[in-house]
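In our numbering, the protein residues as written are 8 to 258.
Note sheet for the following structure.
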Ligand SMILES: [Fe+2]
Ligand SMILES: [Fe+2]
């Protein structure tokens, strides 16, 4: 919609002026609505991309939603700016997009992986970075950094590059802790979910070896809130799934 031209000043009367102001107001409202719709579509598209990998992994999508929320909460507690926290909350769900490129017999193997299988599995971080990288879109740039770096370890024993400490991007260091916490609290095909005390002990045990000590300190302090956040997301996604099932016409 074209912006209406203002009437010449000398011709202005009250009703024309009022109409002009109303048109401007309407135009601004339409632009704002179009922007909101576009931003919403952008967010949904990114979460669907993350879901594609998670679906292959046998999850329902709750894990990726929790990873976004947990990473955002940890970033906020670390004192990162609000915009950065929003960016990591949107990027973190894509951390395992590279699993799209891993064969099912390795990805879904119920027992331990052989050395060769593990090597193939570990390529998911590089594949993810290739899928997400090479754009100037901030959320995808951060998502590519996370995909590449979320299995690096503070002490340099991680993969794919063996980066250590602050060489690992902050976003990837945060997601490493959020992913570890959330994955341990989930039932997996090879083990049941661990209890809260056990998870907390394992996070503390990784301080300074697997994980950034500063991020572990924040996650430990925040642990009850992170657990509550997980539960809220699970309740919401379960309710959404019920609504979705009720809305799906039977065959
Ligand atoms: Fe991963
Ligand atoms: Fe994960």
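Glycine included, C-beta positions come from ideal geometry on N, C-alpha and C.
Quick caveat: nothing in here was measured; it's all calculated off a predicted structure.
Check                                                                                                    : Outcome
Reduced DSSP secondary structure (H/G/I, E/B, other) of residue 248                                      : helix
Heavy atom of ligand 1 within 8 Å of residue 132 beta-carbon                                             : yes
Own chain residues within Cβ distance below 7 Å of residue 99, not counting five before or after         : 74, 75, 78, 153, 182 and 185
Residue 189 beta carbon near ligand 1 (any heavy atom closer than 8 Å)                                   : no
Closest residue to residue 136 among 88, 201, 122 and 108 (Cα-Cα distance)                               : 108
Simplified DSSP assignment, three categories, for residue 195                                            : strand
Terminal residues of the alpha helix (DSSP H) in which residue 28 lies                                   : 21-63
Exposure label - residue 169; buried when at least 16 CB within 10 Å                                     : exposed
Element boundaries [alpha helix (DSSP H), containing residue 135]                                        : 131-139
Residue 132 versus residue 158 - alpha carbon distance                                                   : 8 Å
Touching by the beta-carbon criterion (3+ pairs, under 8 Å), the segment 142-156 and the segment 35-44   : no
Backbone CA spacing between residue 110 and residue 32 [nearest angstrom]                                : 54 Å
Counted within 10 angstroms of its Cβ, other Cβ atoms place residue 90 as buried (16 or more) or exposed : exposed
Buried or exposed (CB count within 10 angstroms, at least 16 for buried), residue 97                     : buried
Burial state of residue 223 (16 or more Cβ within 10 Å)                                                  : buried
As assigned by DSSP and simplified to three states, the class of residue 160                             : coil
Cα-Cα separation, residue 47 to residue 105                                                              : 24 Å
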